[in-house]
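**Q** Numbering (my numbering), first residue to last: 17 to 273. The C-beta atom is built at its ideal place from N, Cα and C for all residues, glycine as well.
1. Would you say residue 214 and residue 188 are within 8 Å of each other, going by their C-beta atoms?
2. Any chance the stretch 57–69 sits against the stretch 83–96, with 3 or more Cβ pairs inside 8 Å?
3. For residue 95, count neighbouring Cβ atoms within 10 angstroms of its own Cβ and tell me buried if that reaches 16, exposed if not.
4. Starting from the N-terminal side, write out each stretch of the alpha helix (DSSP H) that is 4 residues or longer and does not extend beyond the stretch 70–102.
5. For residue 204, write down the residues that DSSP places opposite it in a beta bridge.
6. Measure the C-alpha to C-alpha separation of residue 31 and residue 54 and round it to an integer number of angstroms.
7. Spatial neighbours of residue 173 within its chain, please: CB distance less than 7 Å, with the 5 preceding and 5 following residues excluded, ordered by chain position.
8. Looking at C-beta atoms only, is the number of pairs between the stretch 100–118 and the stretch 140–152 that lie closer than 8 Å three or more?
9. Report the option in 24, 19, 224 and 139 whose CA atom is closest to the CA atom of residue 76.
10. Beta-carbon within less than 7 Å of residue 104's beta-carbon, same chain only, minus the 5 sequence neighbours each way: which residues are those?
11. Can you tell me whether residue 225 is buried or exposed, with buried defined as 16 or more other CB within 10 angstroms of its CB?
12. Can you tell which of 182, 25, 17 and 47 has the C-alpha that lies nearest to the C-alpha of residue 228?
13. Quick one: residues in its chain with C-beta nearer than 6 Å to the C-beta of residue 151, no 5 flanking neighbours on either side, listed in chain order?
14. Enumerate, from N- to C-terminal direction, the unbroken alpha helix (DSSP H) stretches of 4 or more residues contained entirely within the stretch 104–169.
15. Using DSSP with H/G/I as helix, E/B as strand and the rest coil, what is residue 210?
16. Taking the continuous alpha helix (DSSP H) assigned at residue 20, which residues delimit it?
17. Give me, in chain order, the residues of the same chain whose beta-carbon lies closer than 7 Å to that of residue 41; leave out the 5 immediate sequence neighbours on both sides.
18. Run the CB neighbour count on residue 356, radius 10 Å, all protein chains shown included, and call it buried at 16 or more, exposed below.
19. Under 8 Å between the Cβ atoms of residue 25 and residue 33?
20. For residue 119, does the count of other Cβ atoms within 10 angstroms reach 16, so buried, or fall short, so exposed?
21. Can you tell me whether residue 78 is buried or exposed, with buried defined as 16 or more other CB within 10 angstroms of its CB?
22. In this structure, how does DSSP classify residue 33 when only helix, strand and coil are distinguished?
23. May I ask you to report which of helix, strand or coil DSSP gives residue 38?
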C-alpha cells in the first residue's frame with residue numbers, strides 16, 4: 017500500500033505540489049492523471065525519496081519514507097521519468113546489476129528475468145548493449161530492471177511511452193497481472209485509453225493539487241461527461257477545491273422511498 021498525506025513542495029516561489037493526499041490499495045491499479053506541469057512527476061519523486069517534502073509525508077506499507085528510506089524502498093519499484101541506462105551494458109547486465117543491489121541471488125534473477133522477458137517480449141534484446149536501443153526497447157529494459165526484485169508496490173511514470181502497439185498491450189497485461197497478484201500499482205500516464213482500461217481508481221491533478229478522484233464511472237458522473245477525456249478536460253479546467261470545498265466525489269442518489 018502507498019499513502020501520501022498532505023505533501024507540499026516548493027521550488028523558490030513556485031508551488032509544485034500543494035497538499036496532495038492519496039491512497040493506493042493493494043490489489044488495485046491507481047492512476048495519477050494530469051496535464052503537463054500539474055506536479056505528477058514531483059509527487060512521484062517525493063514518493064521515491066528523490067526529493068524531500070516541505071511538509072506532509074509519503075509511506076510505503078505503513079513505513080514513512082523519511083523514517084526509513086532504505087527499508088521503504090525495498091518494497092517499492094520506481095520507473096521514473098529520468099530513465100538513464102549505462103550504454104555499454106547489455107539488457108541482461110542491467111537487470112542483473114539492479115537485482116544484486118536488492119540482494120537477489122543470480123539463480124533467482126535468471127528465473128525472474130526469463131519470465132519478465134517473455135512477458136514484455138524482450139528476449140532478443142537481452143544480450144545486446146543498450147547503446148542504440150530505440151525508446152521502446154529502452155523502456156522494456158527499464159521495466160525489467162524495476163520489477164526484478166518483485167516489489168509489493170510498483171510506481172510507473174508513463175511506462176508505455178515509445179512502445180509499439182504489441183509491446184504496449186504486453187505492458188498492460190503485465191500490470192493487470194501484478195494487480196491480480198495483490199500488488200499495489202500507481203500509474204501516471206497521459207493516455208486516456210490506458211487509464212480507463214487499467215485503473216481501478218483515478219486521481220486527477222491540476223496546478224499542483226488533486227482536484228477530483230474516483231473510479232472512471234464516478235469521474236464521468238461528477239463531470240457530466242461521456243468519455244474520460246471530456247471528463248478530464250472539465251475537471252482540470254474548473255476551480256481548485258478549497259478546505260471548505262471537499263474534492264469532487266461521486267455520491268450515489270439515495271434509494272427512492
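**A** Let me spell this out:
1. Here the question's residue 214 lines up with position 198 in the chain shown. Here the question's residue 188 lines up with position 172 in the chain shown. For residue 214 and residue 188, yes; Cβs fall inside 8 Å.
2. At 8 Å Cβ cutoff, the stretches touch.
3. Position 79 of the chain shown, counted from the start, is the residue given in the question as residue 95. Burial call: buried.
4. The stretch 70–102 contains these whole alpha helix (DSSP H) runs: 85–90.
5. On the chain shown, residue 204 is found 188 positions in, with the first residue counted as 1. According to DSSP, residue 204 bridges with 48 and 173.
6. Translated into the one-based positions of the chain shown, residue 31 becomes position 15. Translated into the one-based positions of the chain shown, residue 54 becomes position 38. Counting only the Cα atoms, residue 54 lies some 10 Å from residue 31.
7. Here residue 173 corresponds to residue number 157 of the chain shown, with the count starting at 1. Spatial neighbours of residue 173 in its own chain (CB-CB distance under 7 Å, excluding positions within 5 residues in sequence) are listed in chain order as 57, 60, 95, 96, 97 and 204.
8. The stretch 100–118, when compared against the stretch 140–152, does touch it at the 8 Å Cβ threshold.
9. Translated into positions along the chain shown, residue 76 becomes position 60. For the options 24, 19, 224 and 139, the alpha carbon positioned closest to that of residue 76 is the one of 19.
10. In the chain shown, residue 104 corresponds to position 88, counting from 1. Cβ within range, chain order: 145 and 147.
11. For the purposes of this step, residue 225 is identified with residue 209 of the chain shown, where counting begins at 1. Taking all protein chains shown into account, residue 225 has 16 or more neighbouring C-beta atoms within 10 Å of its C-beta and is therefore buried.
12. On the chain shown, residue 228 is found 212 positions in, with the first residue counted as 1. Nearest option by C-alpha distance: 47.
13. Counting from 1 along the chain shown, the entry for residue 151 is found at position 135. So the list reads 178, once near-sequence residues are dropped.
14. Correct list: 107–117, 122–135 and 151–163.
15. Walking along the chain shown from the start, residue 210 turns up at place 194. Reduced to three states, the DSSP call for residue 210 is helix.
16. Walking along the chain shown from the start, residue 20 turns up at place 4. Note, residue 20: premise wrong, no alpha helix (DSSP H); beta strand (DSSP E) at 18–27.
17. For this step, residue 41 is matched to residue 25 along the chain shown. Cβ neighbours of residue 41 beyond the five flanking positions: 17 and 200.
18. There is no way to answer for residue 356, as the model of the chain reaches only from 17 to 273.
19. For the purposes of this step, residue 25 is taken as the residue at position 9 of the chain shown. For the purposes of this step, residue 33 is taken as the residue at position 17 of the chain shown. In this structure, residue 25 places its C-beta atom within 8 Å of the C-beta atom of residue 33.
20. By one-based count along the chain shown, residue 119 stands at place 103. Counting Cβ neighbours within 10 Å, residue 119 comes out exposed, since fewer than 16 surround it.
21. Indexing the chain shown from 1 puts residue 78 at position 62. When all chains shown are included, residue 78 counts as exposed.
22. By one-based count along the chain shown, residue 33 stands at place 17. Strand.
23. In the chain shown, residue 38 corresponds to position 22, counting from 1. Under the three-state reduction of DSSP, residue 38 is assigned to strand.
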